[in-house]
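Please read the structure below before turning to the comments.
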Amino acid sequence: MATLTLKTEEDYIAAYGPTLNYSPAGGWDRGEPDRLVKTHCCFCGVQCGIQLKVKENRVIGFEPWEEFPVNQGKLCPKGVKRYMQNEHPDRLKAPLLRSEQGFEETTWDHALDRTATAIKSIQERYGKDSFAFLGGASMTNEKAYLNGKFARIALETKNIDYNGRLCMVSAGAANKKAFGIDRAANPWSDIPKTDVIILAGTNLAECFPILTDYIWKARDNGAKIIVVDPRITPIARTADLFLPVRPGGDSALCHGILHVMILNGWIDEAFISEHTEDWPALKKLVRKFTPAYTEKLTGVPARSIEKCAELWGPAKKSMLLHARGIEHHTKGVENVLSYINLVLATGRIGKEGSGYGTITGQGNGQGGREHGQRCNQLPGGRDINNSVHREEISKFWGIEETALPGEGLTACEIIDAIEAGEIKGLLSISFNPLVSIPDSQRTRKALEKLEFYGAIDFFLNETARYADVVLAGSLQEEDHGTVTNGEGRCIRLNQSVTPPGNALPDWKIICDLADRLGKGRYFDYQDPREMFSELSAASKGGPIDYSGMTYERIESEQGIFWPCPQPEHPGTPRLFEKGQFFHDDGKARFHAFDYRPPAEDVDAEYPLLFTTGRVVSQYLSGTQTRRIGSLVDQYPEPLCEMHPHLAEKLGVEDGDQVRVTTRRGSIDVPAQVVKTIRPDTVFVPYHWPGKKSANLITNRALDPISKIPEFKVCSCRVELVGPHAGGGRKA
Amino acid sequence: MSRLEFFIDQSRCIGCQACVQACGECDTHRGTSMIHLEYVHRPTGVQTAPMVCMHCEDPTCAKVCPADAIKKDDNGVVLSAAKPRCVGCSNCVLGCPFGVPKMQVSIDLMMKCDMCYDRTSVGKKPMCATVCPSEALYFGERETLERKRREKPVNEFKFGQQTVRTKVNMMTSSEKDSIPIDVAELMAHETVQGETLWEAREGAPDAASFAVWDD
């Protein structure tokens, strides 16, 4: 049974961290490295090039890699300090079994036997689908492919999904609906060439910092910048137009902007008739979205809505970029489609300096969602419900089509099903759902119901504390392979060091488990290179075609954009050129979703809006970044941002402890009183576990299409608890 | 003398502290950054201001040093205090018009940005200007910068009666806009004061939304 055995949080921290690491392996007298390894950062989807300094099989520092075209040596603070996760005191160096004293080290044979026995036992008693697999989008394409194959062939379960479900799925689903394919339409090098940019719900300077330079270069060239956000984030500070949208109002805002564009004739009728479908229904829908009506729904002044249409509508070139701010909603897909309408209506896509892209959050946010790790997907971006696709992959894998499981549950639904007693066993890798999934009290209850939980990870994250078996896997720099960055560029990760102690590469653990489940013949890999050859061959003829890529090509060409269907194909940096989309008829689709409110709107009991997001110095659930001292010092604990108008009503001063309460529970955090947020909204970043975890109180209501949870809006109330623990109030 | 120059453009800064973290990576100061990066006034905005040593032509820090510990090299780089000479008096910390030098109390020595002497002396860019994601800190040729940017570099600063000329340039904007912005001023009128929050009925959407449902 999955449970905790140590008594207190402090006990766990003392034993397994997070320990704050402030110095490089071997200390500051580290000397000269033996070699520099050209690879990429382990964090966000920019996938900055970086050179890791390696000495005696330890990563001791970094050197900028100025020749890599995407970031040209630039790094954010996480990238600068990412090397300090290597040789970290908290690093798991052997497989662990849970014991009365927390965990005890064991042998690989024992840990893997125990895991395989538990899987078999649970599946014999409750059926194959009673065992679930949760993967992650921090991992390589090779591992994403392997996870999907492992779940379908070795676990024979339909229930595999990944933490991209908390991240990119609204954008992905919308892209497929609108364009027939799920990828950013343009290389980022198009950004500086454009005339107007809408940044919608993207705290770009903190979550994708390197792209800031692309935006500033566009501004240097005269482009206008429009930012849509409930908060003035660093990228919004100097925007030409800032639209302080009420959380949950995004689709209405788009309809309002389109309304003004149609009134003024700022649309490309020729493009619409030649290259799109379903325009009339949208045109009819947006008729009622007058600036005045839209103002009431969105809290954005009518004049600003008109101004946005004036900047965007008649422009010659334009780029739309969006992120979780519009996607983390129960209408996340509808929000994205509504923004895509603004692009398609102008016909400004598939051209140099004109197009569209989504900001992927995770390191392999793009590639991690392409190769079969999702519950409804097979390699090559194929559809698990499509009989032709099922036949193709069954044949490729050498299994009967009838043996290939169907569509399973999504990540949050898997946690729900565990809580409901329908799923009894879980294997997770690089996923920390206790911190990252909304309503964490329910996640905790679900974990406690598991008959068996196995976790593959390099640090003991908060969720893995519940594991029966912890399988010590590999950090990014301890293995090699490929990832695909946010613009669709497949790049090469080179190995810097080998896993420490008895830790193993993740893929080796998966293959060893498959062997113990009697399916070793399907997983006879000696190196990630073999998995890449297989995944690229598997992708041949699919919507996401990597079959022309090799490691050598990827490295020598500094990345290749898919589709790349032949060895001599140069790759496809820009999609949709000449108005060619990927639906069967070659046309793109408009979508006419009427505005609907969030799952939870404000009322007298919960009169404020609660929203969450990230800070620049932390990454996702903090499994890696909460262990690096100087990153922790930069923003040590979650703060509740609130406007002075609200603070005054609440009697709260900057630094006071406040309690934020929703229908799920409460968190107590210090207030940060700032004019950079709407007065009806409070914001808390989500990187922390325990009593200050923002996801204790967020709403696990899901988008009906993408099944992404509504991280970005729920209703709350806020009250003063008392002066900040650090001392009395300022005079 | 190198044709490469250092330029600071505070308007491009996103406050990410990549420069601060990268500066601390130098083996000579072992985790301590020599860069100052602060919010101008966080209650009213997210403007941040990175500050490296400006490397003055006639450095005030050196002029006020009683031990003659602060030297300028042939390239005009003002160096950290020479360890054998520095008496730890903090005159330089107080005297610098840009507030750059830091007193390292634990080792009783003034330290400051030396423009990555170890890197620039072998043809590399200073670490902060290499990693800066927004090119708020930029190291390169003046002509290249002037071609790419709308702002203009200046290197003359007036502090009361004192005029200071520096090796490092600061970019200034030709357009003048107030920088602190209040979100409330950009919102639809009726919600600006947050009044509607308290007029909501139990179980109903807030008053702002309520007006819409009546349509």
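As they're listed, the protein sequences go chains C and E. The numbering of the first sequence is our numbering, which starts it at 11 and goes up by one. The numbering of the second sequence is our numbering, which starts it at -12 and goes up by one. Cβ atoms here follow ideal geometry from the backbone N, Cα and C, with glycine treated the same way.
The region 687 to 704 of chain C touching the region 135 to 146 of chain C, judged by at least three CB pairs closer than 8 Å: Here the region 687 to 704 of chain C does not lie against the region 135 to 146 of chain C, with fewer than 3 beta-carbon pairs under 8 Å apart.
For C/Thr743, the three-state DSSP class (helix, strand or coil): The question about residue 743 of chain C has no answer, for chain C in this structure spans 11 to 741.
Length of the line joining the Cα atoms of C/Thr247 and C/Ile715: As a position in the first sequence, residue 247 of chain C is number 237, starting the count at 1. As a position in the first sequence, residue 715 of chain C is number 705, starting the count at 1. Rather than Thr, the amino acid found at residue 247 of chain C in this sequence is Arg. Using only the alpha carbons, I get a separation of about 34 Å.
Burial state of C/Phe218, where buried means 16 or more other Cβ atoms lie within 10 Å: The residue given as residue 218 of chain C occupies position 208 in the first sequence. The residue is buried, with at least 16 neighbouring Cβ atoms inside 10 Å.
Element boundaries [beta strand (DSSP E), containing C/Val642]: Position 632 of the first sequence holds residue 642 of chain C. Premise fails: C/Val642 lies in the alpha helix (DSSP H), 639 to 644, not in any beta strand (DSSP E).
Closest by C-alpha distance to C/Asn96, when choosing among C/Thr691, C/His332, C/Arg637: By 1-based counting over the first sequence, the position of residue 96 of chain C is 86. Checked all of C/Thr691, C/His332, C/Arg637; the closest Cα to C/Asn96 is C/Arg637.
C-beta neighbour in chain C for E/Thr159, strict 7 Å: The residue you call residue 159 of chain E lines up with position 172 of the second sequence. With its beta carbon at least 7 Å from every one in chain C, E/Thr159 lies outside the interface.
Residue from C/Met652, C/Gly391, C/Gly137 with nearest C-alpha to C/Asn185: Here residue 185 of chain C corresponds to residue number 175 of the first sequence, with the count starting at 1. The candidate whose alpha carbon is nearest that of C/Asn185 is C/Gly391.
Meets three-Cβ-pair contact criterion under 8 Å: the region 83 to 92 of chain C and the region 525 to 543 of chain C: In the pairwise beta carbon analysis, the region 83 to 92 of chain C is classified as not touching the region 525 to 543 of chain C: fewer than three pairs are separated by under 8 Å.
Rounded C-alpha distance that separates C/Thr243 from C/Lys326: The residue given as residue 243 of chain C occupies position 233 in the first sequence. The residue given as residue 326 of chain C occupies position 316 in the first sequence. Roughly 27 Å between the two C-alpha positions.
Beta-carbon gap between C/Pro5 and C/Ile70 smaller than 7 Å: Any question about residue 5 of chain C goes unanswered here, given that chain C covers just 11 to 741.
Whole-angstrom C-beta distance between C/Gly491 and C/Gly151, which should lie under 8 Å: One-based indexing of the first sequence puts residue 151 of chain C at position 141. One-based indexing of the first sequence puts residue 491 of chain C at position 481. The sequence shown places Asn at residue 151 of chain C, not Gly. Contact holds; Cβ gap of about 7 Å.
Pairwise C-alpha distance: E/Cys48 and E/Glu182: Here residue 182 of chain E is taken as the residue at index 195 of the second sequence, counted from 1. Here residue 48 of chain E is taken as the residue at index 61 of the second sequence, counted from 1. At E/Glu182 the pLDDT is 47, less than 50, meaning the model places this residue with poor confidence; the figure from the coordinates comes in the next sentence. Approximately 53 Å between the Cα atoms of the pair.
Proximal residues to E/Gly18 (C-beta, below 7 Å), its chain only, five neighbours per side dropped: As a first step, residue 18 of chain E is located in the second sequence; it is residue number 31 there, counting from the start. Taking C-beta separations shorter than 7 Å and ignoring five residues to either side along the sequence, the partners of E/Gly18 in its chain run Gly11, following chain order.
C-alpha gap between E/Gln(-3) and E/Arg152, whole angstroms: Reading the second sequence from its first residue, position 10 is the one you call residue -3 of chain E. Reading the second sequence from its first residue, position 165 is the one you call residue 152 of chain E. In a straight line, the C-alpha of E/Gln(-3) is about 18 Å away from that of E/Arg152.
7 Å Cβ cutoff, E/Asp105 in contact with chain C: Residue 105 of chain E sits at position 118 when you count from the first residue of the second sequence. Using beta-carbon distances, E/Asp105 does not count as an interface residue toward chain C, since no partner is under 7 Å.
For C/Glu720, the three-state DSSP class (helix, strand or coil): Residue mapping note: residue 720 of chain C aligns to position 710 of the first sequence, counting from 1. Three-state result, C/Glu720: strand.
Chain C contact for E/Ala116 (CB, 7 Å cutoff): Start at 1 with the first residue of the second sequence, and residue 116 of chain E comes out as number 129. Taking CB atoms only, E/Ala116 has no neighbour in chain C less than 7 Å away.
Within-7 Å CB hit, E/Ala36 to chain D: Structure shown: chain D not included; protein chains present are C and E.
E/Cys3, DSSP secondary structure in three states: Position 16 of the second sequence, counted from the first residue, corresponds to residue 3 of chain E. Looking at E/Cys3 - three-state DSSP - the assignment turns out to be coil, as it is neither helix nor strand.
Positions along the region 229 to 250 of chain C whose CB lies within less than 9 Å of some CB in chain E: When CB distances to chain E are screened at a threshold of 9 Å, the residues of the region 229 to 250 of chain C falling below it are Arg229, Asp230, Asn231, Gly232, Pro240, Arg241, Ile242, Thr243, Pro244, Ile245, Ala246, Arg247, Thr248, in chain order.
Proximal residues of chain C, C-beta to C-beta of E/Asp101 below 7 Å: Position 114 of the second sequence, counted from the first residue, corresponds to residue 101 of chain E. Neighbours of E/Asp101 on chain C: none; closest Cβ ~17 Å, over 7 Å.
Closest Cα partner of C/Asn345 within the set C/Asn386, C/Gly258, C/Phe299: Locating residue 345 of chain C in the first sequence gives position 335, counting from the first residue. Comparing Cα positions, the closest option is C/Gly258.
CB contact flag (C/Ala233, C/Asp205, <7 Å): Here residue 233 of chain C is taken as the residue at index 223 of the first sequence, counted from 1. Here residue 205 of chain C is taken as the residue at index 195 of the first sequence, counted from 1. When the beta-carbon positions are compared, C/Ala233 and C/Asp205 come within less than 7 Å of each other.
Span separating the alpha-carbon of C/Arg606 from that of C/Gly174: By one-based count along the first sequence, residue 606 of chain C stands at place 596. By one-based count along the first sequence, residue 174 of chain C stands at place 164. If I take the Cα positions, the gap works out to 25 Å.
Alpha-carbon to alpha-carbon, E/Lys59 and C/Gly373: Working through the first sequence from its first residue, we reach residue 373 of chain C at position 363. Working through the second sequence from its first residue, we reach residue 59 of chain E at position 72. Their Cα atoms are separated by approximately 44 Å.
Residues of its chain near C/Trp75, where Cβ-Cβ distance is below 7 Å and the 5 sequence neighbours each way are ignored: As a working mapping, residue 75 of chain C is identified with position 65 in the first sequence. Cβ neighbours of C/Trp75 beyond the five flanking positions: Lys48, Gly59, Ile60, Gln61, Gly83.
CB contact check: E/Pro53 to chain C, cutoff 7 Å: One-based indexing of the second sequence puts residue 53 of chain E at position 66. The beta carbon of E/Pro53 sits no closer than 7 Å to any beta carbon of chain C.
Interface residues of chain C facing E/Thr31 [CB-CB closer than 7 Å]: Taking the second sequence and counting its residues from 1, one reaches residue 31 of chain E at position 44. Those are Lys685, listed as they occur along chain C.
Whole-angstrom distance between E/Ala68 and E/Ile57, CA atom to CA atom: Here residue 57 of chain E refers to the residue found at position 70 of the second sequence. Here residue 68 of chain E refers to the residue found at position 81 of the second sequence. In a straight line, the C-alpha of E/Ile57 is about 5 Å away from that of E/Ala68.
Chain C residues whose Cβ lies nearer than 8 Å to that of E/Gln4: Numbered from its first residue, the second sequence carries residue 4 of chain E at position 17. Going along chain C in sequence order, the residues near E/Gln4 (Cβ under 8 Å) are Pro87, Val626, Ser627, Gln644.
Per-residue DSSP class, three states only, for E/Cys79: Counting from one through the second sequence, the residue named residue 79 of chain E turns up at place 92. Assigned with DSSP and collapsed to three states, E/Cys79 falls in helix.
Straight-line gap, C/Leu85 to E/Tyr26 (C-alpha atoms, nearest Å): Taking the first residue of the first sequence as position 1, residue 85 of chain C is located at position 75. Taking the first residue of the second sequence as position 1, residue 26 of chain E is located at position 39. Rounded to the nearest angstrom, the two C-alpha atoms are 20 Å apart.
C/Gly36 versus C/Glu20, C/Thr18, C/Glu66, residue with shortest Cα-Cα distance: As a position in the first sequence, residue 36 of chain C is number 26, starting the count at 1. Ranked by how close their Cα comes to the Cα of C/Gly36, the residues C/Glu20, C/Thr18, C/Glu66 have C/Glu66 in first place.
Closest Cα partner of C/Ala355 within the set C/Asp611, C/His265, C/Glu216: Residue mapping note: residue 355 of chain C aligns to position 345 of the first sequence, counting from 1. Minimum Cα distance to C/Ala355 is reached at C/His265.
Sheet register partners of C/Arg68 (DSSP bridge): As a position in the first sequence, residue 68 of chain C is number 58, starting the count at 1. DSSP, once it has assigned bridges, lists C/Lys65 as partnering C/Arg68.
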